[in-house]
Amino acid sequence: MCMKRTNVVLNEQLLEEAVRLSGERTYSRTIERALEEMVRRAKARGLDQLAGSGRWVGSLSEMRRDAPSKVREGGGVYRARQRRAAR
352 MCMKRTNVVL
362 NEQLLEEAVR
372 LSGERTYSRT
382 IERALEEMVR
392 RAKARGLDQL
402 AGSGRWVGSL
412 SEMRRDAPSK
422 VREGGGVYRA
432 RQRRAAR
């Protein structure tokens, strides 16, 4: 992993609060963690925008083959699912 050294001007109170809330020990790690979270959220927003867009490419039949053989019912009860014969 490449590291970039840079100088930034930050709100000191905001930085101290971020360090305290994150539990990180350094400013660098706190900022890195905040950037990771921002990237994760931005990617998740992008996935939300694809929902219902018709852009997803895949096979539901193929996904169903990977489904668990047990299905959870109410009350934490599991029942074995009937497997259908391949056509």
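Numbers in the numbering used here are just positions in the sequence shown, counted from 1, shifted up by 351.
Where is the CB? At the ideal position from N, CA and C, for every residue including glycine.
Beta-carbon separation (whole angstroms), residue 385 vs residue 369, contact threshold 8 Å: Counted from its first residue, the sequence shown places residue 385 at position 34. Counted from its first residue, the sequence shown places residue 369 at position 18. With a Cβ gap of about 6 Å, residue 385 and residue 369 count as contacting.
Helix, strand or coil at residue 381 [DSSP, three-state]: Residue 381 sits at position 30 when you count from the first residue of the sequence shown. Here residue 381 sits in helix by DSSP.
Three-state class that DSSP yields for residue 412 in the structure shown: As a first step, residue 412 must be located in the sequence shown, where it is residue number 61. Correct three-state label for residue 412: helix.
Contact set for residue 378: own chain, Cβ-Cβ below 7 Å, skip 5 residues either direction: On the sequence shown, position 27 is the one that residue 378 refers to. Hits under 7 Å: 366 and 370.
Residue range of the alpha helix (DSSP H) that includes residue 370: Taking the first residue of the sequence shown as 1, we reach residue 370 at position 19. Element bounds for residue 370: 363-373.
Residue burial classification, residue 381 (beta-carbon count within 10 angstroms, cutoff 16): Counting from one through the sequence shown, the residue named residue 381 turns up at place 30. It counts as buried.
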